[in-house]
Amino acid sequence: MIIFKCSKCGHEYKVADEYAGKKARCKNCENVNIIPAPATKPAQPARPVGSGDSVAAYNNLLQELLQQEKTAPTVEVETK
Ligand SMILES: [Zn+2]
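Using numbering that gives the first Met the number 0, read the sequence shown as starting at 0 and increasing by one per residue.
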C-alpha cells in the first residue's frame, strides 16, 4: 500500500503498490501527481533467524516419517 499526498492541495491518497510511478489525478484539485514508490519495506523478513535449523529439523522429521511409512506393515487383504 502506498500513501501519498497531492503536492498541490495535500489531499491524501492510498493506492496499491503496483501503481508506483504512475500518474494520479487528484480528485480534489485536478493536479497530476506521480505516485511514489512504497516507502515501507515488507514487515516480514525474507529469512527469519534460525529458519535454516528449523527447516533442517523439519526435513529430518519428514525423512523419518517416510521411512516409517515404508517399513510399516501394509494393509492386510483377505485373499478368499
Ligand atoms: Zn490535490
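For each residue, glycine too, the CB sits at the ideal point set by N, CA and C. Predicted model, so just to flag it, every value in this text is computed and none were measured.
To the nearest angstrom, how far is the alpha carbon of residue i from that of residue j?
i     : j     : result
Ala36 : Val74 : 59 angstroms
Gln66 : Tyr57 : 14 angstroms
Ile1  : Cys8  : 18 angstroms
Asp16 : Cys28 : 23 angstroms
Using CA coordinates, which residue listed in the options is at the minimum distance from residue i?
i     : options                    : result
Cys25 : Ser53, Glu63, Tyr12, Lys79 : Tyr12
Ile34 : Lys4, Ser53, Ala55         : Lys4
One question on the structure: do residue i and residue j come within less than 9 angstroms of each other, judged by their Cβ atoms?
i     : j     : result
Lys22 : Val14 : no
At which residue ranges does the stretch 16 to 40 contain complete alpha helix (DSSP H) runs of 4 or more residues, listed in the order of the chain? none
Closer than 5 angstroms from C-beta to any heavy atom of ligand 1: which residues, in chain order? Cys5, Lys7, Cys8, His10, Cys25, Asn27, Cys28, Asn30
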